[in-house]
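Beneath this line is the structure, given in structure tokens, with notes to follow.
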Amino acid sequence: MNNKLEHNFSLVHYWTQKCVGAEQKLAYLTRQVNKARYRKEKQRIHAQRRKHTAKDLHMTEEDATYESLSIHKGGDNQGQAMSVVFNQGFEKFRRFAADVHKDINWDAITPSTA
Numbered sequence: 038m039n040n041k042l043e044h045n046f047s048l049v050h051y052w053t054q055k056c057v058g059a060e061q062k063l064a065y066l067t068r069q070v071n072k073a074r075y076r077k078e079k080q081r082i083h084a085q086r087r088k089h090t091a092k093d094l095h096m097t098e099e100d101a102t103y104e105s106l107s108i109h110k111g112g113d114n115q116g117q118a119m120s121v122v123f124n125q126g127f128e129k130f131r132r133f134a135a136d137v138h139k140d141i142n143w144d145a146i147t148p149s150t151a
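In this note's numbering, the protein residues as written are 38 to 151.
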């Protein structure tokens, strides 16, 4: 009986070691697959960056001149945004002033005439 128990224990130990080894091998393969996916994704992102950089480098001379001028002036978008903010502020001022000084025609006053 004792011999039988030792034999069963050794079988259990053997198969446990086999399972542990299989789990380790599976974990190793999973890491390798994840690394390969990460490398592939990283390569795809770098390729997109290179493509966008190449597109940026293919600007015409006129585009480059426009870019440099608009950067110098603060950009068209910034100028438009400043104009919109100024007009909104002027409208608020005009409404406030119309309440305070009712004798002046504030609708006739525009930012260009002010």
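We put the beta carbon where it would ideally sit given N, CA and C, even for glycine. Remember, predicted model here, so these are calculated numbers, not experimental data.
- A distance below 6 Å between beta-carbons, with the five flanking residues on each side excluded, links L42 to no residue of its chain.
- When secondary structure is reduced to three states using DSSP, T67 falls in the helix class.
- For R132 against I146, the beta-carbon gap comes to about 12 Å, at or over 8 Å, which does not count as contact.
- M119 has its alpha-carbon roughly 27 Å from the corresponding atom of I141.
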